[in-house]
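Student: Before anything else, here's the structure in question.
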Amino acid sequence: MLEIRVAEIRDIPKIIKCHERNFEPYLSATQLKSHMGEFPHLAFVLESKTKEIHGYILGEMRIKKKQEYGVLTSLAVNKRFREKGYGKKLCNSLFNAMIQTYKANTVTVYIRLTNELAVQFYENLDFENEGVEAEYFSDQTDAYVLKYNLTNFVITEGVAN
Ligand SMILES: CC(C)(COP(=O)(O)OP(=O)(O)OC[C@H]1O[C@@H](n2cnc3c(N)ncnc32)[C@H](O)[C@@H]1OP(=O)(O)O)[C@@H](O)C(=O)NCCC(=O)NCCS
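Mapping of the sequence shown onto the numbering used here: residues 27 to 187, in sequence order.
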């Protein structure tokens, strides 16, 4: 049984390890520290009783045309614990915090075109695919833009906060 809690600065090395083992090859500790400093309510970890971190989620708020919106920056669950509902629970904790802290109306996630599993995962959570944003990533690759309307989100009991 794993628990979700708000991430703390001391979790950074474990979050990086989880990211690099389960998602992409590199995450900068400096960037992560600055991200968590700016959005301390929008980072959660999935932790075992023995304090191992088996998943995390990071979010942020951005502004476009004077409109503030949520962005799901990064999410990963250790392969051993996938398809048990933890990815969805991490999303619920983040969405709840975005609504409570920032009154966010939408959350957007940018996914590499090759990451079909993630597209399926977000579509399963009722995200809508809004098409492709060219050269979104720093390596100039394109992203699918998937958006979820948080006004449809029912704040549930038991989410981490
Ligand atoms: C995407 C990811 C976080 C999903 O985590 P997870 O814990 O396995 O997801 P859940 O168990 O909460 O699944 C939620 C729903 O998606 C479905 N789902 C999960 N994995 C799926 C897959 N491989 N194919 C199809 N559906 C899938 C589940 O069946 C579940 O549906 P349900 O609510 O109807 O039962 C995980 O696969 C991962 O870490 N991938 C690598 C990193 C990544 O690509 N992150 C996303 C980009 S930010």
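In this text, a Cβ means the ideal position worked out from N, Cα and C, and glycines have one as well.
On a Cα-Cα basis, can you pick out the residue from Tyr-82, Thr-99, Asn-175 that is closest to Asn-48?
Tutor: To locate residue 48, count along the sequence shown from 1; it is residue 22. Checked all of Tyr-82, Thr-99, Asn-175; the closest Cα to Asn-48 is Tyr-82.
Student: Leaving out the 5 sequence neighbours to the left and right, which residues in its chain are closer than 7 Å to Phe-121 when beta-carbon positions are compared?
Tutor: Residue 121 sits at position 95 when you count from the first residue of the sequence shown. Closer than 7 Å at the Cβ level, and outside the excluded window around Phe-121, lie Val-133, Leu-176, Phe-179.
Student: Are the stretch 86-103 and the stretch 123-131 touching by the rule of at least three beta carbon pairs closer than 8 Å?
Tutor: Contact between the stretch 86-103 and the stretch 123-131 is present, because at least three Cβ pairs lie under 8 Å.
Student: Determine the direct distance from the alpha carbon of Leu-53 to that of Ile-35, and round the result to whole angstroms.
Tutor: On the sequence shown, position 9 is the one that residue 35 refers to. On the sequence shown, position 27 is the one that residue 53 refers to. About 15 Å.
Student: Could you tell me whether any non-hydrogen atom of ligand 1 is closer than 7 Å to the CB of Gln-146?
Tutor: Stepping through the sequence shown from its first residue, residue 146 is reached at position 120. Gln-146 Cβ: within cutoff of ligand 1.
Student: Can you name, in chain order, every residue of its own chain whose Cβ lies under 6 Å from the Cβ of Glu-159, other than the five neighbours on each side?
Tutor: Numbered from 1 along the sequence shown, position 133 holds the residue referred to as residue 159. Cβ within range, chain order: Ala-169, Val-171.
Student: Which first and last residues belong to the beta strand (DSSP E) in which Ser-164 is found?
Tutor: As a working note, residue 164 is residue 138 in the sequence shown. Unbroken run through Ser-164: none, as it is neither H nor E.
Student: Taking all protein chains shown into account, do 16 or more other C-beta atoms lie within 10 angstroms of the C-beta of Ala-4, making it buried, or fewer, making it exposed?
Tutor: For the chain, the structure presents residues 27 to 187; residue 4 sits outside this window and is missing.
Student: In this structure, does DSSP put Thr-99 in helix, strand or coil?
Tutor: Position 73 of the sequence shown, counted from the start, is the residue given in the question as residue 99. Strand, per DSSP.
Student: If we count the other Cβ atoms within 10 Å of its Cβ and call it buried at 16 or more, is Phe-163 buried or exposed?
Tutor: Position 137 of the sequence shown, counting from 1, holds the residue named residue 163. Phe-163 should be labelled exposed.
Student: Based on DSSP bridge pairs, tell me the residues matched to Val-32.
Tutor: As a first step, residue 32 is located in the sequence shown; it is residue number 6 there, counting from the start. Answer is Phe-70, bridged to Val-32.
Student: Ends of the alpha helix (DSSP H) at Tyr-191?
Tutor: Outside the displayed range of the chain (27 to 187) lies residue 191, so it cannot be described from this structure.
Student: Please classify Asp-37: is it buried, with 16 or more other beta-carbons within 10 angstroms of its beta-carbon, or exposed?
Tutor: Residue numbering aside, residue 37 sits at position 11 when the sequence shown is read from its first letter. With 16 or more other Cβ atoms within 10 Å, it is buried.
Student: Just to confirm, are Ile-181 and Leu-116 a CB contact at a threshold of 8 Å?
Tutor: As a working note, residue 181 is residue 155 in the sequence shown. As a working note, residue 116 is residue 90 in the sequence shown. Taking 8 Å as the Cβ cut-off, Ile-181 and Leu-116 do not qualify as a contacting pair.
Student: Arg-47 lies in the alpha helix (DSSP H); which residues open and close that run?
Tutor: In the sequence shown, counting from the first residue as 1, residue 47 sits at position 21. Counting along the chain, the alpha helix (DSSP H) containing Arg-47 begins and ends at 38-48.
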